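Student: The opening position of the sequence shown corresponds to residue 5 in the numbering used here, with each subsequent residue numbered one higher. A virtual CB, placed ideally from N, CA and C, is assigned to each residue, including glycine. Treat the numbers as computed from the prediction; the structure is a model and nothing was measured.
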Amino acid sequence: MNFGFLTECYVKEGKSHAQAFADTFEQVDQAEALGMDSVWMVEQHFRPWASILPSPMLMASAIAMRTQRMRIGLAVQVLPLSNPLRSAEEACMMDQISQGRFDYGVGRSGITKFYNGYNVPYDESRARFDESLDIIMTAFNNETFSYEGQFYSFQDVTVAPAPVQQPHPPVWVATAAPESFPALGKRGFPILLWFQGNWFEEPLKEYRKAWKEAGHPGEPQALLRIPAYVGETPERAREEPRESTLHDFRRLVREYGEAGDEQRAARATYDLEHYDEVLKTRLAYGSHEEMTEQLQEFRERMGVTGFLFDLNFGGQLPQELVLNSMRLLSEKVMPVFK
């Protein structure tokens with residue numbers, strides 16, 4: 005089981021952006037020291053009050069310089085917002101800098117604000133993502149190539165440097181669409197999921213079936229991003245992250261409302277008013293005994309092969325609580341799965 009630490013470089017209310025980076029690096033250093041398997045970065049744009057991570061690739065490079073063991077992943081790079089040829093070059097360079105520890109997670113994001121800011125039509129996001137991924141995989145698998153597509157064209161280009169991992173760094177694809185699971189399994193992509201209830205249990209079965217029918221070696225990999233908090237007691241585990249979690253729901257109500265996304269705004273409003281119910285369906289908050297039991301259930305029932313733990317959901321937890329939760333997770337929960 006892969007036990008990964010996930011960060012968006014959260015900004016606490018009343019704190020500087022410099023403090024957000026300092027806190028994040030301290031968390032990364034502790035994750036490395038405690039034996040966590042990986043650290044993953046989430047691309048974010050135009051939300052200076054919440055998360056400041058417009059270039060997860062740049063952050064990954066900084067983390068590579070202060071770690072020796074952990075794998076370093078993106079969860080994810082928003083492909084439609086970047087030139088895919090440059091993305092392929094940077095992924096290979098990142099693999100060299102990290103000495104072969106890089107995991108390249110890609111997706112298209114459902115946050116229209118990102119697309120509006122970059123003047124990219126959101127209704128083109130699927131087509132742009134598909135073409136960008138096609139270009140990146142072509143670049144990874146050919147020394148020199150040309151490409152003619154709807155959005156990009158390249159003539160006789162060669163991506164350098166060569167990556168450490170051959171033929172290329174693992175490419176993980178984020179998905180929230182049930183119909184995409186079989187296609188991703190057929191193509192042999194490991195996948196990234198965001199915990200939003202148990203809807204992906206059946207799609208994961210289709211994904212594994214398609215993987216095996218296509219004859220890919222090894223076992224299919226699926227990592228689950230999940231807001232998590234391990235407390236000293238069950239009561240503390242529920243109450244200590246409450247305000248940070250509600251802070252995130254309030255932010256989503258505001259952002260979705262401003263974007264005119266009434267459906268998502270209504271869901272965030274419901275979450276804000278039903279914390280105890282959300283605890284049971286979309287959050288993993290508990291003592292180390294409760295966390296162990298919940299993760300075992302996810303593994304056995306859903307077949308996920310690892311977790312990306314967001315240990316500061318909402319971004320407002322005091323640093324000492326984030327670090328203690330990580331310590332309990334690493335010392336009390338992780339050994340059960342290793």
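1) If we call anything under 8 Å between Cβ atoms a contact, is G114 one with A226?
2) With DSSP collapsed to three states, give me the class of E47.
3) Alpha carbon to alpha carbon, how far is R70 from D33? Give it in angstroms, no decimals.
4) In the structure shown, what three-state DSSP assignment does L57 receive?
5) With DSSP run on the structure shown, which of helix, strand or coil describes V412?
6) With a CB to CB cut of under 8 Å and the five nearest residues on each side skipped, what residues in its chain are close to A24?
7) Please determine if the region 134–147 and the region 156–174 are in contact, where contact requires at least 3 C-beta pairs separated by less than 8 Å.
8) Just to confirm the assignment, what range does the alpha helix (DSSP H) spanning Q31 have?
9) Assuming Y151 contacts F185 under a Cβ cut-off of 8 Å, what Cβ separation, rounded to an integer in Å, is found between them?
10) Based on DSSP bridge pairs, tell me the residues matched to S42.
11) Considering only the alpha carbon of each residue, which of D138, A37, D127, Q48 lies closest to A92?
12) Distance, Cα to Cα, A345 vs S59?
13) For E94, is the classification buried or exposed, using 16 other Cβ atoms within 10 angstroms of its Cβ as the cut-off for buried?
14) Report the three-state DSSP secondary structure of P167 (helix, strand or coil).
15) If you draw a straight line from the C-alpha of Q103 to the C-alpha of E281, how long is it?
Tutor: The relevant details are as follows:
1) no
2) coil
3) 8 Å
4) coil
5) Since the first residue of the chain shown is 5 and the last is 342, residue 412 is not available in this structure.
6) C13, Y14, V15, K16, I56
7) yes
8) 21–38
9) Going by Cβ atoms, the distance from Y151 to F185 rounds to 27 Å, so no, they are not a contact pair.
10) G8, R75
11) D138
12) Nothing can be reported for residue 345: it is not among the residues displayed for the chain, which extend from 5 to 342.
13) buried
14) coil
15) 44 Å
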